[in-house]
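The numbering of the sequence shown is this note's numbering, which starts it at 280 and goes up by one.
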Amino acid sequence: MLITPVILSGGSGSRLWPLSRRQYPKQYLPLMGDKTMLQETILRLEGLDNLADPIIVCNANHRFLVAEQCQQIGVQNPTILLEPTGRNTAPAITASALQALEQGENTKLLVLSADHVIQNIDTFHRVINIASKQAEAGRMVTFGIVPASANTGYGYIKSSTKHFEGAYAIEQFVEKPDLATAELYIQQGGYLWNSGMFMFQVNTLIDELNTHAPDIVKSVGKAIEFAKKDLDFIRLDKEHFESSPSSSIDYALMEKSDNVVVIPLDAGWEDIGSWSALYDIGVKDANGNVVSGDVIALDTTDTYVNAPYHMVAAIGVSNLIIVDTPDATLVTTQDKAQEVKSIVEHLQSEDRGESSAHRKVFRPWGWYDSIESGEYFQVKRLHIKPGARLSLQIHHRRAEHWVVVSGVATVINGENVITLEKGESTYIPLGEIHSLENKTNEPLEIIEVQSGTYLGEDDIVRLEDIYGRA
């Protein structure tokens, strides 16, 4: 029987601001190396037997990021389910199961989060193989992390002494405890962190959900039935999906069923939910610092510095988190790292763009970087991938001037189709139909100068678009 990875890739990752933002959250960032967290989640499954293409559940706004990151690591046929809104893990997992049945497969689902780190891959695979046998026997499996400390950030699972070839019956699911209670759990033994990773047969899951959460199955079933194919994506029906109760799979099902077992996992697991978590698992220098990027640290100890864009210098500081981006810099003490979310909420209350988007914004055709802006003008650098094309569009409130920096551009400007090479330019008046295409095998770089009374991204009327956004 095939194993189908189900990768839950929603969430905003606000505690990892300013690198993680709503339009480009943490799961799509390379926080631990060259690969993004989504890519690492997929790649660490290589070597498992009977592995099928993954089902990835994500926000509709991130669909092109997911598709491109899959392509970068050679995953050619993922099923990408687009949530119109977040409804927690139970509806997302239910949608994945029903979609697998739509595709004619009573497969085993291996449910993973896209923002976990697992360092010991061999141990992880061994535990998955144990879970696979349990799933084939008709049981639902949750993975419990062997606790490294009395952590108050996770829920706990109390396992029974009754076991089935490496899996244990569950006595109790426990909500996140206070510190004293967590310390008691560690002393008593038998308690595991609730990882949010699961394995079960599709048919087993649906049968159990019909018993314990029939409203979710009904609503999500309709969302699958009326889903629309959008290029390579499956767009869940908005009305029916939003009618589903918002609930975690633990609360909706796992805590209610008597058909659940837990398998202990001790494989260097970490849920990357804050900058302090990245510090904890990072490689530290002789002074206890974890640094990434162009960093000079003098008389500095036990500090995390992430500087992918600018040189950052630190002198005489200790126990800090320092994260630098082109448009925002975070400085906090280690013990306050969990409170970064409050900064994001403050930015949102003031409707500031730094809460949701970076200066560099990715699009299906490439990306743009807002280099400079002021009253009535904005300067952007556009990077258009080989074979990519911007939509045929008009603007009602701005004009644009395009200058080719490198590559060859094919431009529609009103009734004219022109080819521009390095150093050449064209002016697009307000209200003129226009488009830009890179027909070559090399990247195309453009400097775009906008001028007008309003320069927001919502002043785009798409007439035609190869990416389905018109």
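All residues carry an ideal CB built from backbone N, CA and C; glycine is no exception.
- Close CB contacts of Ser649 within its chain, under the 6 Å cut and outside five residues either way in sequence, are with Arg638 and Lys659 (chain order).
- With contacts defined by Cβ atoms closer than 9 Å, Leu391 and Val285 form a contacting pair.
- In the DSSP assignment, Phe479 falls within the beta strand (DSSP E) that extends over Tyr470 to Gln480.
- Phe656 sits exposed, since fewer than 16 C-beta atoms from the chains shown fall within 10 Å of its C-beta.
- For the pair of segments examined, the region 532-547 was found to touch the region 490-502: the number of CB pairs separated by less than 8 Å reaches three.
- Of the candidates Leu281, Asp737, Ala339 and Ser714, Leu281 places its Cα closest to the Cα of Val481.
- In this chain, Trp296 is not harboured by any beta strand (DSSP E), its DSSP state being neither H nor E.
- In this structure, the beta-carbon distance from Glu633 to Leu626 falls below 9 Å.
- Under DSSP, Arg660 forms a beta bridge with Asp648 and Ile726.
- The C-beta distance from Ser704 to Val682 rounds to 4 Å, short enough to meet the 8 Å contact threshold.
- Secondary structure at Gly445: coil, using DSSP grouped into helix, strand and coil.
- Distance from the CA atom of Glu736 to the CA atom of Arg676, rounded to whole angstroms, is 11 Å.
- Counting of Cβ neighbours within 10 angstroms places Gly693 among the exposed residues, the total staying below 16.
- If you keep only unbroken alpha helix (DSSP H) runs of at least 4 residues inside the region 294-370, you get 316-322 and 342-351.
- In the DSSP assignment, Val499 forms no beta bridge with any residue.
- Taking Gly432 as reference, the option from Leu471, Met419, Glu721 and Ala410 with the minimal CA-CA separation is Leu471.
- In the DSSP assignment, Asp550 falls within the beta strand (DSSP E) that extends over Trp548 to Asp550.
- Asp738 sits in coil when the DSSP states are folded into three classes, being neither helix nor strand.
- The C-beta distance from Ala448 to Val420 rounds to 12 Å, too long to meet the 8 Å contact threshold.
- Around the beta carbon of Thr483, 16 or more other beta carbons lie within 10 angstroms, which makes this residue buried.
- In this structure, the CA atom of His395 is about 39 Å from the CA atom of Lys718.
- Lys437 is bridged by DSSP to Gln451 and Tyr470.
- Pairing Ala586 with Asp313, the inter-Cα distance amounts to about 15 Å.
- A direct Cα-Cα distance of roughly 10 Å separates Ser597 from Gly567.
- In terms of Cβ geometry, Arg294 and Trp554 form a close pair [threshold 9 Å].
- Check the Cα spacing between Gly666 and each of Val728, Ile335 and Leu715: the tightest is with Leu715.
- Considering only Thr283, Ser288 and Arg300, the residue with the shortest C-alpha distance to Thr604 is Arg300.
- Comparing C-alpha distances from Gly747 to each of Asn695, Ser670, Lys701 and Thr689 shows the shortest one belongs to Ser670.
- Around the beta carbon of Ala592, fewer than 16 other beta carbons lie within 10 angstroms, which makes this residue exposed.
- Annotation: Thr698 to Ile691 spans about 9 Å, alpha carbon to alpha carbon.
- Distance from the Cα of Gln348 is smallest, within the candidate group Pro309, Leu327, Asn329 and Glu325, for Pro309.
- Fully enclosed beta strand (DSSP E) runs of no fewer than 3 residues occupy 548-550, 569-577, 583-594, 599-603 and 608-612 of the region 548-619, in order along the chain.
- Per DSSP, Asn695 is one residue of the beta strand (DSSP E) stretching across Asn695 to Leu699.
- Take the alpha-carbon of Pro370 and the one of Leu515: they are about 11 Å apart.
- The Cβ neighbour count for Thr440, taken over all protein chains shown within 10 Å, is under 16; the residue is labelled exposed.
- DSSP links Gln672 through a beta bridge to His713 and Arg741.
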